[in-house]
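Q:
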Amino acid sequence: LEKVPKDNDAVIYISGDLTKGSSLLAVSKKIGAKEYVFRKKKANDSFKLADAVCSRNPALSFTLAERSFSEGLSSHELLGAIVYQFRNIIGIKLDAIFVKTLHPFVFSKAKRFEKNFSLERAREIYARLLKTDIDLKFTSKDEKTVFFNLVKYIVDSS
Numbered sequence: 002l003e004k005v006p007k008d009n010d011a012v013i014y015i016s017g018d019l020t021k022g023s024s025l026l027a028v029s030k031k032i033g034a035k036e037y038v039f040r041k042k043k044a045n046d047s048f049k050l051a052d053a054v055c056s057r058n059p060a061l062s063f064t065l066a067e068r069s070f071s072e073g074l075s076s077h078e079l080l081g082a083i084v085y086q087f088r089n090i091i092g093i094k095l096d097a098i099f100v101k102t103l104h105p106f107v108f109s110k111a112k113r114f115e116k117n118f119s120l121e122r123a124r125e126i127y128a129r130l131l132k133t134d135i136d137l138k139f140t141s142k143d144e145k146t147v148f149f150n151l152v153k154y155i156v157d158s159s
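Position in the sequence shown (first residue = 1) + 1 = the working numbering.
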């Protein structure tokens with residue numbers, strides 16, 4: 002951190018909570034960092050959105066997506082949480098070996114969501130998730146529009 006030029010803003014990603022006496026926090030202030038992004042909160046926000054999408058709750062899904070974008074979360078971070086959830090849903094439906102290694106909380110959530118999708122529909126959504134990932138990375142399409150269309154595709158699916 003000390004090598005970051007003092008005239009630049011620094012965005013610091015932290016995987017845990019900082020105590021007041023943290024040396025990382027002290028160094029951050031020393032170099033003039035103006036913004037602190039705590040990954041734990043952002044990760045929670047992206048998983049809340051994934052939960053709403055997998056629950057097929059359109060109102061909550063769009064509200065959380067809008068809030069996430071306004072708070073600066075990237076579509077890639079949000080997409081990653083949804084991909085992870087659908088990977089687990091498909092794994093449960095196929096009784097895949099990796100499912101046995103999931104944390105019990107993660108397993109219970111995926112088990113609850115898997116009832117909302119047939120295996121065929123979950124696979125179609127997973128393919129659409131991967132296509133959306135490519136669109137977001139390699140096209141000039143508006144990222145918010147692409148993401149909202151994806152959410153609509155998932156929550157409106159039958």
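Yeah, the Cβ is synthetic: ideal placement off N, Cα and C, and Gly gets one too.
#1: Does the structure place the region 70 to 80 close enough to the region 134 to 144 that three or more beta carbon pairs sit under 8 angstroms?
#2: Does Phe118 come out as helix, strand or coil in the three-state DSSP assignment?
#3: Could you say which of Ala51, Phe87, Ser71 lies nearest to Ala128 if we only look at CA atoms?
#4: Does the region 55 to 73 come within contact of the region 142 to 149, defined as at least 3 CB pairs closer than 8 angstroms?
#5: How is His104 classed by DSSP in three states: helix, strand or coil?
#6: Between Ile90 and Phe114, how many whole angstroms is the CB-CB distance? I'm expecting something under 8 angstroms.
#7: Mind checking whether Lys153 and Leu120 have CB atoms under 9 angstroms apart?
#8: Excluding the five sequence neighbours on either side, which residues of its own chain have a C-beta within less than 6 angstroms of the C-beta of Ala111, listed in chain order?
#9: Grab me the residues of Arg57's own chain with a C-beta within less than 6 angstroms of its C-beta, minus the 5 sequence neighbours each way, in chain order.
A: Concretely, from the data shown:
#1: Because the criterion of three Cβ pairs below 8 angstroms is met, the region 134 to 144 and the region 70 to 80 touch.
#2: Collapsing the DSSP output to three states places Phe118 in coil.
#3: Restricting attention to Ala51, Phe87, Ser71, the CA atom closest to the CA of Ala128 is found in Phe87.
#4: A contact exists between the region 55 to 73 and the region 142 to 149.
#5: His104 falls in the coil class under three-state DSSP.
#6: Rounded, the Cβ-Cβ distance is 6 angstroms, consistent with contact.
#7: No; because the gap between Cβ atoms is not below 9 angstroms, this pair is not in contact.
#8: Excluding positions up to five away in sequence, the list reads Asn89, Ile90, Ile93.
#9: Same-chain partners within the cutoff: Asn117, Val156.
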